[in-house]
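Asks: Protein chains in written order, with the working numbering: chain A, 1 to 343; chain B, 1 to 343.
Glycine included, C-beta positions come from ideal geometry on N, C-alpha and C.
Bear in mind the structure is a predicted one, so any value in this text is a computation, not a measurement.
The structure's right below; bear with me while I get my questions together.
There are 2 protein chains.
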Amino acid sequence: MNLKMLAAHLGLSQTTVSRALNGYPEVSEETRKRVTEAARELNYSPNARAKGLATGRAMAIGHVIPISTQHEIVNPVFGDFVAGASEAYLKAGYDMTLSLTGDEDEAQNYRRLKAKGNVDGIILHGPKMKDARIPFLTGLKMPFVVHGRASELDQPYCWVDVDNAGAFRRATNFLLDLGHRRIGLINGLEFMDFAHRRREGYEEALAARGLAPDPALGRSGEMTEPYGYLAAHDMLALADPPTAFLTASLITAIGVRRAIHETGREMGRDVSVVTYDDDLSYLSNGRDVPIFTAIRSSVRDAGRITAEMLLRHVATPALPPETTLLEAQLIIGGSTGPAPAKH
Amino acid sequence: MNLKMLAAHLGLSQTTVSRALNGYPEVSEETRKRVTEAARELNYSPNARAKGLATGRAMAIGHVIPISTQHEIVNPVFGDFVAGASEAYLKAGYDMTLSLTGDEDEAQNYRRLKAKGNVDGIILHGPKMKDARIPFLTGLKMPFVVHGRASELDQPYCWVDVDNAGAFRRATNFLLDLGHRRIGLINGLEFMDFAHRRREGYEEALAARGLAPDPALGRSGEMTEPYGYLAAHDMLALADPPTAFLTASLITAIGVRRAIHETGREMGRDVSVVTYDDDLSYLSNGRDVPIFTAIRSSVRDAGRITAEMLLRHVATPALPPETTLLEAQLIIGGSTGPAPAKH
DNA sequence: CTTGACACCCGAAGCGCTTTGGACTCGCAG
DNA sequence: CTGCGAGTCCAAAGCGCTTCGGGTGTCAAG
């Protein structure tokens with residue numbers, strides 16, 4: 001079933017049928033009705049490739065995920081982000097294509113992506129500090145939005161990011177207010193921009209109270225459960241162990257909890273934990289009473305917002321770069337309490 | 001940069017250039033070299049849409065994920081599956097497009113997907129028991145492979161699945177061998193086919209020893225941490241509590257562990273836990289010594305295998321349906337031990 | 001009666017590629 | 001010298017759609 005057949009079936013020209021279906025005004029309401037009805041009946045829907053060729057728009061957005069030979073791989077956040085973005089695409093009639101690429105010849109990859117022409121815009125995931133992809137994409141003249149930001153790049157570009165520094169500053173302050181002075185930071189990989197900013201927030205909060213960060217209380221790594229366990233395990237074994245932890249993800253926090261229990265301490269009483277929580281659909285932090293005190297920001301919402309921004313820029317390429325900074329909420333759960341009195 | 005310009009630049013016809021680039025024999029090796037070099041230099045890569053139009057192949061695979069209004073949403077397994085599938089696509093030069101669809105007018109969705117013509121094949125996720133999409137897709141004459149299976153459908157189709165029943169039979173037997181008699185099953189949603197089969201395996205193993213499943217020890221739900229916690233919490237509060245749990249995912253198992261600790265018991269001594277483990281990249285079950293005894297099967301491998309099967313069928317549509325049953329490994333970790341003696 | 005204006009519709013070109021059906025040039029056997 | 005196959009290359013059609021640049025026919029205004 002294609003346009004030609006449909007047109008023949010209706011005794012109309014392809015032109016008219018095409019216009020009728022695409023809502024152009026130079027076609028009578030009556031024939032438009034006839035056409036749309038016939039289209040539905042015969043299960044006609046236009047061939048996207050042909051349409052794309054003719055219009056120059058692919059009606060699709062590309063998500064590029066670096067899948068480096070180290071183990072970053074697809075991270076748990078991705079599913080929810082995509083779900084959010086999909087909401088936006090669904091409404092706008094856009095498709096989504098995924099490219100997991102090794103990060104060898106990045107430049108070539110993006111250039112090809114553009115030349116192949118099956119996406120109208122790109123969402124960039126997992127920006128590193130001064131990420132080289134950003135200036136490159138800017139030069140490519142293809143609309144893109146970064147999920148996150150890249151520090152130390154002053155060139156303007158579109159991004160949607162959580163205020164990571166602010167979130168960790170608040171979390172740190174919260175713990176400081178509870179009397180904690182030795183706060184372990186169990187961070188993500190710090191060449192990733194978000195993790196870098198989180199450490200900044202943490203250190204700023206400490207500095208504001210005249211405290212210097214203890215290197216023994218800072219750890220950076222991939223945010224798995226065993227990593228959280230190990231990091232907490234080691235720090236708790238110190239002569240002067242931390243009374244509180246700040247972790248970068250719920251999964252890591254779960255590992256921290258395991259380590260705390262294993263040493264016979266109790267979370268929320270002997271040791272406090274505040275975690276960042278991406279509010280993932282399958283990793284809920286409890287219902288009414290959150291298990292962990294957390295700084296929470298829905299990555300699914302971020303996905304929707306990022307996609308909407310991109311679609312705006314695809315529709316109007318002349319738009320100046322736009323940015324959105326999302327604020328994370330601090331929600332109080334059962335994992336925090338006043339610092340235990342020293343004895 | 002397109003074919004026409006490249007041809008002009010080389011003083012050749014589009015035909016010859018196209019053939020040179022696509023490895024056809026009716027072009028001299030010398031000109032082929034000239035052409036490929038010029039193509040690389042000028043950063044030419046063919047427009048995928050035009051190519052698709054001309055060849056009738058989209059060089060892309062569609063993943064359709066039901067995103068129902070209930071809360072299944074994108075599940076944590078998805079990211080790893082996609083990473084595996086990408087390996088196969090990358091090698092074969094295929095792209096991947098994602099469609100998250102509401103499950104209202106499924107039939108219409110798939111029909112449109114085919115008519116739009118930007119995928120050559122489909123991977124079906126999350127099959128339910130006697131899933132209606134399977135007969136429908138068969139009728140559509142578009143190659144597809146199901147990740148999982150649908151019980152109570154005797155029609156042939158391509159699938160890649162883990163032997164869920166076998167895995168849970170083995171896990172149950174393992175616990176029975178350790179002397180456990182009251183084994184709680186904390187399962188996924190049982191209208192999903194995989195969860196249904198897991199229960200079957202569990203019940204078969206019990207039946208083989210003349211045990212009847214206690215309804216109070218069976219629970220079905222979305223595999224979140226709080227769900228695992230709640231289920232275990234409730235069962236442990238029974239007059240005759242279970243001495244072991246069988247859980248459907250690592251995340252759920254983590255909730256179970258929390259419940260066990262909360263009642264002052266110790267996992268692996270007072271209460272045993274065996275979990276299903278999808279071997280997710282970001283949710284590792286410990287390194288050398290696994291935290292949980294688990295039945296493990298890499299969902300990432302499954303993704304690769306499924307994609308490879310689909311590509312085979314896209315290349316040769318006449319191939320008869322093919323199936324692959326993956327066996328899960330039983331790996332022993334610290335979460336299991338002999339049933340505590342009754343007193 | 002002619003002229004625009006308007007509403008409606010159509011033919012055909014063109015998007016960038018592949019592929020069919022030749023065309024041309026050699027070299028070699030007849 | 002002719003014929004013929006092999007080796008190279010090309011022109012043009014076609015994939016399914018949009019869209020430009022007209023074409024009708026009707027009707028009110030001039």
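Report, in whole angstroms, the separation of the C-beta atoms of A/Thr252 and A/Tyr227, which I expect to be a contact under 8 angstroms.
Replies: Going by Cβ atoms, the distance from A/Thr252 to A/Tyr227 rounds to 6 angstroms, so yes, they are a contact pair.
Asks: By the DSSP assignment, the beta strand (DSSP E) with B/Ala244 in it spans what residues?
Replies: Unbroken beta strand (DSSP E) run through B/Ala244: 244-247.
Asks: Using a Cβ-Cβ cutoff of 8 angstroms, what residues of the region 103-131 of chain A are near chain B? List them in chain order.
Replies: So the close ones are Arg111, Arg112, Ala115, Lys116, Gly117, Asn118.
Asks: Suppose you measure from the CA of B/Arg111 to the CA of A/Pro215; what does that come to, to the nearest Å?
Replies: Using only the alpha carbons, I get a separation of about 59 angstroms.
Asks: Which of the three DSSP states, helix, strand or coil, is assigned to B/Arg257?
Replies: Looking at B/Arg257 - three-state DSSP - the assignment turns out to be helix.
Asks: Report the three-state DSSP secondary structure of A/Pro213 (helix, strand or coil).
Replies: Of the three classes helix, strand and coil, the one that applies to A/Pro213 here is coil, per DSSP.
Asks: Kindly indicate which three-state DSSP category A/Asn75 falls into: helix, strand or coil?
Replies: Three-state DSSP puts A/Asn75 in coil, outside helix and strand.
Asks: Please list the residues of the region 278-299 of chain A that have a C-beta atom closer than 9 angstroms to any C-beta atom in chain B, keeping them in chain order.
Replies: Those residues of the region 278-299 of chain A that come within reach of chain B (Cβ to Cβ, closer than 9 angstroms) are Leu280, Ser281, Tyr282, Leu283, Ser284, Asn285, Gly286, Arg287, Ile291.
Asks: Closest Cβ-Cβ distance between B/Ala88 and chain A: below 8 angstroms?
Replies: So, not an interface residue.
Asks: Could you check which residue in B/Thr275, B/Val160, B/Asp288, B/Arg209 has the C-alpha nearest to that of B/Asp301?
Replies: Minimum Cα distance to B/Asp301 is reached at B/Val160.
Asks: What does a CB cutoff of less than 8 angstroms around A/Ala362 pick up in its chain, not counting 5 residues either side in sequence?
Replies: Outside the displayed span of chain A (1 to 343) sits residue 362 of chain A, for which this structure offers no information.
Asks: Taking 7 angstroms as the limit between beta carbons, can you name the residues of its chain near A/Gly268, skipping five residues before and five after?
Replies: Here the set comprises Gly334, Ser335, Thr336, Gly337.
Asks: Between which two residues does the beta strand (DSSP E) carrying A/Ile61 extend?
Replies: 60-66 is the extent of the beta strand (DSSP E) around A/Ile61.
Asks: Buried or exposed: A/Asn2, going by 16 or more other Cβ atoms within 10 Å of its Cβ?
Replies: It counts as exposed.
Asks: Please report the distance separating the alpha-carbon of A/Ala339 from that of A/Gly264.
Replies: Their backbone Cα atoms lie some 17 angstroms apart in a straight line.
Asks: Taking the alpha carbon of B/Gly117 as the reference point, which residue from B/Leu53, B/Arg209, B/Thr138 has its own alpha carbon closest?
Replies: With distances taken between Cα atoms, B/Gly117 lies closest to B/Leu53.
Asks: Within the chosen definition, does the region 178-191 of chain B reach the region 243-261 of chain B through at least 3 CB pairs nearer than 8 angstroms?
Replies: The region 178-191 of chain B vs the region 243-261 of chain B: in contact.
Asks: For chain A, is any of its Cβ atoms less than 8 angstroms away from the one on B/Val82?
Replies: Yes, because at least one Cβ of chain A sits closer than 8 angstroms to the Cβ of B/Val82.
Asks: Rounded to whole angstroms, what is the Cα-Cα separation between B/Asp193 and B/Asn164?
Replies: Each residue's Cα considered, the two are about 9 angstroms apart.
Asks: Listing by chain order, which chain A residues have their CB less than 7 angstroms from the CB of B/Phe78?
Replies: Correct list: Gly79.
Asks: Just to confirm before moving on: does the CB-CB distance between A/Phe292 and A/Val271 stay below 8 angstroms?
Replies: For A/Phe292 and A/Val271, no; Cβs fall outside 8 angstroms.
Asks: Where do the N-terminal and C-terminal ends of the beta strand (DSSP E) with B/His125 fall, by residue?
Replies: Element bounds for B/His125: n/a, residue is neither H nor E.
Asks: Suppose you measure from the CA of A/Ala205 to the CA of A/Lys130; what does that come to, to the nearest Å?
Replies: Approximately 24 angstroms between the Cα atoms of the pair.
Asks: How about B/Val289 and B/Asp120: do their beta carbons lie closer than 8 angstroms?
Replies: The answer is no: Cβ separation not under 8 angstroms.
Asks: For A/Gly218, which three-state DSSP category applies?
Replies: Strand, per DSSP.
Asks: Considering only the beta carbon of each residue, do A/Ala134 and A/Leu113 sit closer than 8 angstroms?
Replies: According to the sequence shown, residue 134 of chain A is Ile rather than Ala. Cβ distance not < 8 angstroms, so A/Ile134 and A/Leu113 don't count as in contact.
Asks: Looking only at C-alpha atoms, which of B/Ala239, B/Ser284, B/Thr138 sits nearest to B/Ile254?
Replies: It is B/Ser284.
Asks: With DSSP run on the structure shown, which of helix, strand or coil describes B/Phe144?
Replies: Looking at B/Phe144 - three-state DSSP - the assignment turns out to be strand.
Asks: Excluding the five sequence neighbours on either side, which residues of its own chain have a C-beta within less than 6 angstroms of the C-beta of A/Thr69, listed in chain order?
Replies: Reliability fails at A/Thr69, whose pLDDT of 49 lies under 50, so the model's placement of it is uncertain and the value that follows must be treated cautiously. Same-chain partners within the cutoff: there are none.
Asks: Using only alpha-carbon positions, find the residue among B/Asn173, B/Val77, B/Gly102, B/Ala50 that is nearest to B/Met59.
Replies: Ranking B/Asn173, B/Val77, B/Gly102, B/Ala50 by Cα distance to B/Met59 puts B/Ala50 first.
Asks: Determine the direct distance from the alpha carbon of A/Lys342 to that of B/Met96, and round the result to whole angstroms.
Replies: Going by the C-alpha atoms only, they are around 57 angstroms apart.
Asks: Is the Cβ-Cβ distance between A/Glu222 and A/Leu175 less than 8 angstroms?
Replies: No, they are not a contact pair.
Asks: If contact means a Cβ-Cβ distance below 8 angstroms, which residues of the region 260-272 of chain B contact chain A?
Replies: Flagged, chain order: His261.
Asks: Buried or exposed for A/His71, going by 16 or more other Cβ atoms inside 10 Å?
Replies: Note that A/His71 has pLDDT 47, beneath the 50 cutoff, so the model's placement of it is unreliable and no number is given.
Asks: Does DSSP classify B/Asp95 as helix, strand or coil?
Replies: In this structure, B/Asp95 counts as strand in the three-state DSSP scheme.
Asks: Put B/Gln70 into one of helix, strand or coil per three-state DSSP.
Replies: At B/Gln70, the pLDDT of 49 sits below 50, so the modelled position is not reliable; the number obtained from the coordinates is stated separately. It is coil, neither helix nor strand.
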